[in-house]
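Colleague: Got a structure here, written out as structure tokens. Questions coming.
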Amino acid sequence: MDCLFCDIINRKQDAYVIFEDDTHIAIMDKYPIQKGHSLVMPKAHHEKITDMDGDDVGKLFSNIPIIARGITAVTGADGFNIGQNNGRSANQIIPHVHVHIIPRYGHIGNSWAKRMITNDNDLGELAKKIRNNIKSC
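Numbering (this note's numbering), first residue to last: 1404 to 1540.
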């Protein structure tokens, strides 16, 4: 398997590590959206978050507040976004689960892509289908 993040975890590739324990690592994003943009990931390779069990997902996300506090304290960020992409169509560039912590600064602003607005009927129908599917999983 060829995985950039596994290479970073195994010290075959350089990165700016900001946090590490036995099962997780956090690094600075090489192409940051904002100052302090970082990535938190499990050391075990999983391509998508749906490949992980709930306990492992919980352990991954339990590191987010600790790391985010450190980032915002050092950068002076007013807030932060958390992002987690799954699959190429969701803009997941590296196929290894990782969570983005993106500091946000009130004086800079925050741009988001245009949102798709649907009507209440469409939202209700979609919610019903998703709810029924979750129950059957």
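Ideal Cβ placement from N, Cα and C applies to all residues, glycine included. This structure is a prediction, so every number in the text was calculated from the model and none was measured.
1) Fully enclosed by the region 1424 to 1483, which beta strand (DSSP E) runs are 3 residues long or longer?
2) Within 10 Å of its beta-carbon, does S1441 have 16 or more other beta-carbons around it, so buried, or fewer, so exposed?
3) Using 8 Å as the Cβ pair cut-off and three pairs as the minimum, do the region 1410 to 1422 and the region 1449 to 1456 touch?
4) Going by the DSSP bridge assignment, what does P1506 pair with across the sheet?
5) Please name the residue or residues paired with V1420 in a DSSP beta bridge.
6) Three-state secondary structure (DSSP) at R1534?
7) In whole angstroms, what separates the C-alpha of P1468 from that of N1489?
Modeller: Looking at the coordinates:
1) 1427 to 1431 and 1441 to 1445
2) Taking the sequence shown and counting its residues from 1, one reaches residue 1441 at position 38. Result: buried.
3) no
4) What you label residue 1506 is simply residue 103 of the sequence shown in a count that begins at 1. For P1506, which the question treats as bridged, DSSP gives the partners F1483.
5) Taking the sequence shown and counting its residues from 1, the one referred to as residue 1420 is at position 17. I1430, per the DSSP bridge assignment.
6) Counting from one through the sequence shown, the residue named residue 1534 turns up at place 131. Three-state DSSP puts R1534 in a helix.
7) Taking the first residue of the sequence shown as position 1, residue 1468 is located at position 65. Taking the first residue of the sequence shown as position 1, residue 1489 is located at position 86. Roughly 21 Å separates the two Cα atoms.
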